[in-house]
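Below you'll find the structure, written out as structure tokens, and then a few comments.
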DNA sequence: CCTTGTTAGTTACAAAAACAACTATTAGCC
DNA sequence: GGCTAATAGTTGTTTTTGTAACTAACAAGG
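Chains as they are written, first to last, in the working numbering: chain A, 2 to 145; chain B, 2 to 145.
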């Protein structure tokens with residue numbers, strides 16, 4: 002095998018991404034956990050419904066890259082918190098449309114505001130140009 | 002609360018980082034899992050010992066930002082695979098120095114080579130300049 | 001020495017995730 | 001229509017993680 006003198010395993014992209022993801026998520030996670038006793042998957046599901054409107058669990062799975070069992074349980078948890086309602090579609094009774102309740106929408110809005118603030122704090126460590134490149138690259142990598 | 006028209010929750014940095022981390026780790030994870038039946042934490046511990054030499058579990062915790070129970074279990078698993086040995090330090094019998102065996106070193110070397118290839122593939126989607134900024138930003142965020 | 005506090009590492013139990021098997025409904029095709 | 005396959009979603013079981021309590025070893029002050 003060819004030597005690869007430049008590569009340092011400490012700078013392995015997946016490793017860096019995981020470290021950065023863990024670190025950057027920590028505070029926000031504490032926030033929604035303490036404020037709404039939400040799990041990470043619940044926050045993700047909430048945010049997808051809030052962002053994309055009356056969507057089905059399957060669509061959330063596809064968009065967010067989550068397994069259907071995780072989504073199923075998160076939906077139930079959010080339903081118990083009265084943050085969303087489900088309605089079986091008449092045309093295809095296998096699908097159920099998920100909608101946020103007023104309380105769910107309020108939580109979503111509030112958390113989006115908090116997220117925006119966290120985001121600003123994180124980006125504060127970079128120049129505008131760096132930030133733009135960073136986000137572009139991540140969007141490209143994150144695309145399913 | 003001030004409106005924040007520009008912010009789209011889909012571009013929330015922690016979200017993008019998590020998605021990118023999951024996606025970029027997937028293939029490599031499958032690789033070491035199928036080849037060495039290693040868990041993610043085991044690979045991380047292996048790589049820290051391989052990279053930094055005779056180190057203690059505590060030092061791995063600090064460097065990698067892992068909890069001591071996770072490291073403890075990973076060390077035991079790697080020991081059972083005969084990938085490392087422990088030796089209690091004479092000077093302070095609470096510490097044990099971890100060293101890779103020949104088999105452990107071989108696995109480490111092989112996995113580093115594979116990681117370098119995965120890294121190259123991931124970076125192929127970006128220009129050299131983008132790649133440099135991306136890695137710099139991540140190193141900064143990943144720093145404990 | 002002998003308490004009190006601290007550190008490295010392990011173990012036990014509870015929470016969450018991964019994986020596989022299941023139900024209910026629809027679609028396609030003969 | 002009636003068979004087979006596919007899809008949306010749920011439930012159950014096993015792994016893995018997170019949290020807290022534990023043991024063993026050391027350090028420092030009296």
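Idealized CB from N, CA, C, for every residue including glycine. Since the model is a prediction, treat every value here as computed from it, not as a measurement.
Residue from the options with nearest C-alpha to residue i
i	options	result
residue 38 (chain A)	A:19, A:15, A:84	A:84
residue 104 (chain B)	B:94, B:79, B:123	B:79
residue 110 (chain A)	A:18, A:48, A:20, A:23	A:48
residue 127 (chain B)	A:60, A:10, A:14	A:14
residue 44 (chain A)	B:10, B:101, B:74	B:10
residue 73 (chain A)	A:53, A:52, A:46, A:55	A:46
residue 40 (chain B)	B:75, B:7, B:56	B:75
residue 36 (chain B)	B:115, B:142, B:139	B:115
residue 113 (chain A)	A:52, A:57, A:56	A:52
residue 34 (chain A)	A:108, A:90, A:22	A:108
residue 90 (chain B)	B:82, B:58, B:62	B:58
residue 28 (chain A)	A:64, A:12, A:123	A:123
residue 166 (chain A)	B:64, B:19, B:32	Not covered by the structure: residue 166 (chain A). The range shown for chain A is 2 to 145.
Cβ-based neighbour list, residue i, same chain, cut-off 8 Å, excluding 5 preceding and 5 following
i	result
residue 136 (chain B)	none
residue 102 (chain B)	83, 84, 85, 86
residue 62 (chain B)	68, 69, 72
Closer than 6 Å: residue i CB and nearest the ligand ATP heavy atom
i	result
residue 39 (chain A)	For the ligand ATP, the structure offers nothing, since it holds no ligand at all.
Neighbourhood of residue i by C-beta, 7 Å cutoff - its chain only, sequence neighbours within 5 removed
i	result
residue 125 (chain B)	none
residue 30 (chain A)	41
residue 64 (chain B)	49
residue 32 (chain B)	115
residue 12 (chain B)	none
Residue-chain proximity (residue i, chain B), Cβ-Cβ < 7 Å
i	result
residue 62 (chain A)	no
residue 50 (chain A)	no
residue 122 (chain A)	no
residue 133 (chain A)	no
residue 143 (chain A)	yes
residue 10 (chain A)	yes
residue 13 (chain A)	yes
residue 53 (chain A)	no
residue 117 (chain A)	yes
residue 127 (chain A)	yes
residue 106 (chain A)	no
residue 5 (chain A)	Because residue 5 (chain A) carries a pLDDT of 49, less than 50, the predicted location of this residue cannot be relied on, and the following value inherits that uncertainty. Cβ-Cβ to chain B under 7 Å: yes for residue 5 (chain A).
Beta-carbon proximity of residue i to residue j, cut-off 7 Å
i	j	result
residue 42 (chain A)	residue 69 (chain A)	no
residue 106 (chain B)	residue 97 (chain B)	no
residue 8 (chain B)	residue 117 (chain A)	yes
residue 143 (chain B)	residue 21 (chain A)	yes
residue 139 (chain A)	residue 17 (chain B)	yes
residue 134 (chain B)	residue 131 (chain A)	yes
Below-7 Å beta-carbon distance, residue i vs any chain A residue
i	result
residue 79 (chain B)	no
residue 17 (chain B)	yes
residue 101 (chain B)	no
residue 139 (chain B)	yes
Legend entry - Short-range partners of chain B found in the stretch 20-38 of chain A, where Cβ spacing is below 8 Å: 20, 21, 22, 23, 24, 25, 26, 29
Inset, instruction - Please list the residues of the stretch 68-94 of chain A that have a C-beta atom closer than 9 Å to any C-beta atom in chain B, keeping them in chain order. - result: none
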